[in-house]
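Encoded as structure tokens, the structure appears first; notes follow it.
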Ligand SMILES: Nc1ncnc2c1ncn2[C@@H]1O[C@H](COP(=O)(O)OP(=O)(O)O)[C@@H](O)[C@H]1O
Ligand SMILES: [Mg+2]
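Protein chains in written order, with full-length UniProt numbering: chain V, 1 to 299; chain F, 1 to 239.
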């Protein structure tokens with residue numbers, strides 16, 4: 001019983017990072033109706049920018065955090081130009097294939113620049129272990145959970161209380177209606193992309209700072225976790241992304257404890273398949289806005 | 001007020017507008033009639049900048065609209081009430097209306113004032129102000145689409161078949177609203193299939209057939225029954 005609850009705590013912490021990754025995917029998907037396969041590799045660029053700063057100058061946590069987020073945003077801006085802005089709005093598959101190519105390109109670039117198998121990333125080890133009765137909360141897990149909670153609250157505020165948020169929502173609700181309402185669709189799309197990249201960068205930083213070491217596999221890993229969490233929660237729903245991430249985190253933590261590492265992978269994909277078959281709308285789902293027919297197919 | 005000259009728009013290789021010219025006059029209701037598939041919606045989306053014309057010009061006073069982005073056209077005051085209404089279904093009525101004011105240079109409080117004015121005009125929307133737009137009836141959604149367009153303080157309102165899919169009694173209500181807007185001196189360009197009803201309200205009308213304007217006239221002075229019958233029954237004379 002104690003194990004079960006302890007696993008739950010650990011799972012919720014890592015799950016909140018998955019939720020952030022899924023939020024990034026969802027923001028882009030909601031606004032663009034296109035998948036950004038290069039999302040994880042943009043985060044990879046950010047993490048390695050942070051690790052480089054750490055290795056070169058032994059910089060503090062805050063500059064490393066800033067470098068990680070900035071790296072992810074810059075790499076994402078490149079992806080946005082190459083795979084989204086310059087590809088027609090209705091060519092979703094072309095964007096997906098193109099962003100896949102950019103993924104490979106970014107990953108290869110990072111691998112060339114950082115040839116070792118792994119690099120050190122600074123951790124929160126100075127912080128004390130938190131005790132909650134019989135349970136333990138690793139300080140980095142607490143940081144992860146808290147950061148995710150604060151970020152989600154801020155994002156919710158941004159989307160529901162500001163004019164920028166309203167613009168983002170009009171775009172994800174109905175693109176043509178947004179255009180006739182005077183929304184500068186291109187500009188909002190770019191800003192949303194940047195926002196998603198920043199969220200991804202924060203998630204990447206938290207994950208790297210928890211592990212203490214990073215490798216070029218992290219890009220692939222972030223893309224997989226983010227995509228799976230998004231699909232479990234319901235494509236295009238922000239709440240779903242968060243719930244999907246938490247569920248994925250808890251299931252993985254339990255499986256890891258009771259079944260070991262390979263059992264965990266099996267459970268992850270079993271969960272994905274179960275979600276696809278039993279809940280094609282996702283756990284939270286939504287009234288299929290994303291599939292809603294647009295009035296006009298663009299030329 | 002808005003001069004459309006020789007506009008050509010195609011979907012890939014299929015030409016939908018084959019050189020359309022017409023004028024939307026200030027302070028009146030100009031109506032565009034035509035059978036299904038004539039290209040009416042294509043013209044609306046072309047004026048709105050969502051479809052790009054291959055050639056031709058659209059002059060609003062001294063401004064050329066062709067080549068502008070949709071949001072820039074809204075900023076010029078040319079605002080569309082699209083076919084099938086296209087409200088934001090997952091946003092509240094109020095949010096839908098506020099979204100209509102995106103293009104405006106806002107002064108403190110004036111959006112709230114306009115919001116109040118629109119809700120006064122459509123009391124049914126006021127009752128449902130915090131409801132999601134997707135839960136409204138068709139007629140209410142049409143009112144919302146009109147209200148959203150009014151929030152932009154339009155110089156010209158483009159309305160694409162506001163009566164589609166509504167019960168006859170609701171259609172009458174919508175036309176009353178259109179008549180009211182016209183009487184306030186607004187400039188309206190109304191696209192309709194419902195010719196008889198539209199001509200009761202129009203100051204001027206054009207007939208669009210297969211991507212060509214085949215007639216333009218004044219409903220008061222032209223015996224239009226013949227023309228309409230010809231267009232809608234599909235009998236074509238070599239014009
Ligand atoms: N997205 C599209 N792709 C290809 N052809 C289209 C598309 N939309 C409309 N068309 C064609 O263009 C012509 C004009 O259509 P439309 O402007 O919708 O007519 P209307 O609004 O007068 O009924 C029709 O022949 C229609 O089949
Ligand atoms: Mg039409």
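Glycine included, each C-beta is placed from N, C-alpha and C at the ideal position. Everything numeric in this text was worked out from a predicted model, so none of it was measured.
| Item | Value |
| --- | --- |
| Segment limits, alpha helix (DSSP H) that includes residue 177 of chain F | 168 to 183 |
| Whole-angstrom distance between residue 281 of chain V and residue 137 of chain F, CA atom to CA atom | 25 Å |
| Residue 42 of chain F Cβ short of 7 Å to ligand 1 heavy atom set | yes |
| Buried or exposed by the 16-neighbour rule on C-beta atoms within 10 Å, applied to residue 88 of chain V | exposed |
| Neighbour-count burial assignment, residue 55 of chain F, 16 or more Cβ in a 10 Å radius | exposed |
| Residues, ordered as in the chain, of the region 146 to 179 of chain V that lie near chain F by beta-carbon distance below 8 Å | 163, 166, 167, 169, 170, 173, 174, 176, 177, 178, 179 |
| Cβ-Cβ distance between residue 2 of chain V and residue 253 of chain V below 8 Å | no |
| Contact test: residue 192 of chain F Cβ vs ligand 2 heavy atom, cutoff 7 Å | no |
| Own chain residues within Cβ distance below 7 Å of residue 220 of chain V, not counting five before or after | 40 |
| Exposed unless 16 or more other CB atoms sit within 10 angstroms - verdict on residue 277 of chain V | exposed |
| Inter-residue Cα distance where the pair is residue 31 of chain V and residue 25 of chain V | 10 Å |
| 8 Å Cβ cut-off: residues of chain V touching residue 164 of chain F | Correct list: empty, because the minimum Cβ distance to chain V is about 12 Å. |
| CB contact check: residue 181 of chain V to chain F, cutoff 8 Å | yes |
| Listed by chain order, chain F residues near residue 184 of chain V by CB distance under 8 Å | 69, 71 |
| Inter-stretch contact (C-beta, 8 Å, three-pair minimum) for the region 95 to 107 of chain V and the region 228 to 235 of chain V | no |
| Contact with chain V by residue 48 of chain F, beta-carbon distance below 8 Å | yes |
| Span separating the alpha-carbon of residue 18 of chain V from that of residue 165 of chain V | 23 Å |
| Identity of the residues DSSP links to residue 8 of chain F by a beta bridge | F:18, F:55 |
| Residue 96 of chain F CB to nearest heavy atom of ligand 1 below 7 Å | no |
| Pick from V:73, V:171, V:190, V:148 that is closest to residue 182 of chain V, judged by C-alpha positions | V:171 |
| Test item: CB-CB of residue 157 of chain F and residue 186 of chain F under 8 Å | yes |
| Where the alpha helix (DSSP H) containing residue 243 of chain F begins and where it ends | Beyond the ends of chain F as shown, which are 1 and 239, falls residue 243 of chain F; an answer cannot be given. |
| Bounding residues of the beta strand (DSSP E) (the contiguous stretch that carries residue 224 of chain V) | That residue, residue 224 of chain V, is in no beta strand (DSSP E); its alpha helix (DSSP H) goes 217 to 233. |
| Opening and closing residue of the beta strand (DSSP E) in which residue 31 of chain V lies | Per DSSP, residue 31 of chain V belongs to no beta strand (DSSP E); it is in the alpha helix (DSSP H), 2 to 32. |
| When F:183, F:163, F:86 are compared against residue 197 of chain F, the one with the closest alpha-carbon | F:163 |
| Neighbouring residues, chain A, relative to residue 80 of chain F (Cβ below 7 Å) | Reference to chain A is not applicable here, since the protein chains of this structure are V and F. |
| Chain-ordered neighbours of residue 137 of chain F on chain V, where CB pairs are closer than 8 Å | Going along chain V, no residue has its Cβ under 8 Å from residue 137 of chain F, so there is no contact; the nearest lies around 17 Å. |
| Beta carbon proximity, residue 17 of chain F to chain V, threshold 8 Å | no |
| Minimum C-alpha distance to residue 133 of chain V - residue among V:5, V:273, V:266, V:264 | V:5 |
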